[in-house]
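At position 138 of the sequence shown the residue is numbered 138 (full-length UniProt numbering), and the sequence of numbers has no breaks.
Using N, Cα and C, we set each Cβ at its ideal position, and we do this for glycine too.
Working notes, structure below.
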Amino acid sequence: MTSVLHTWGSALTHHPHVHIIVTGGGLSPDGTRWISRRPGFFLPVRVLSRLFRRLFLQGLMVLHRALYLVFFGDLAGLAEGDVFTAWLAPLRRAEWVVYAKPPFGDPKAVLAYLSRYTHRVALSNRRLISADARTVTFRWTDYTPKHRNGQKVMRLAVASSSAGS
């Protein structure tokens, strides 16, 4: 299994999601041959969604108790155990979306797919329309059902900073 964590969507808004590639089988217990998955079956998506949600949130709790998570600014209060647990509570009830699709090619195609996610910047030159001292303008794709794949333009104000002045 290989996975890539993304924390933003195409509009550069907070949209945490994970791209995961899982083999359709594995080595036999003695390591001498490949055993493929049953045709037409990998995992029931609803079961996978709930299992992933539970394990992910349990993992966050383990990291929090071990003091591996650090919070800054407005989130500093999450360092407290009861505050962090309360913050996670709505996530335990929310449905998490798992989208699974069948294999889409040979190993080279799979690596090409994954590399597009691991070796790109948040805003490529191709999407950039303009940038000056006040605004950055770029194209983004709206994937909501109402606007399915509709190209949009976003203008963001450049944050003023006293750093370097």
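- Using a Cβ distance threshold of 7 Å, Ile129 and Thr137 count as a contacting pair.
- Judged by DSSP secondary structure, Trp96 falls outside any beta strand (DSSP E); it is assigned neither H nor E.
- In the three-state reduction of the DSSP assignment, Asp132 falls in the coil class, being assigned neither a helical nor a strand state.
- For Val45, no beta strand (DSSP E) encloses it; the enclosing alpha helix (DSSP H) starts and ends at Val45 to Arg65.
- In the three-state reduction of the DSSP assignment, Asp74 falls in the helix class, which pools H, G and I.
- Straight across, the Cα-Cα distance linking Met1 with Ala112 is about 15 Å.
- By the criterion of at least three beta-carbon pairs nearer than 8 Å, the stretch 1–14 is not in contact with the stretch 63–77.
- Annotation: the continuous beta strand (DSSP E) that includes Lys152 extends over Gly150 to Ala157.
- Excluding the 5 residues flanking it on each side, Arg127 has same chain C-beta neighbours closer than 6 Å at Phe138 and Arg139, in chain order.
- In the three-state scheme derived from DSSP, where H, G and I count as helix and E and B as strand, Phe138 is classed as strand.
- In this structure, the straight-line span from the alpha carbon of Gly59 to that of Arg53 is close to 10 Å.
- CA-to-CA, the gap between Pro107 and Ile21 works out to about 11 Å.
- According to the DSSP assignment, Gly25 belongs to the beta strand (DSSP E) that extends over Gly25 to Leu27.
- Between Gly26 and the set His19, Ile35 and Val153, the nearest pair of CA atoms involves Ile35.
- The beta carbon of Pro145 sits closer than 8 Å to none of the beta carbons in its chain outside the five residues before and after it.
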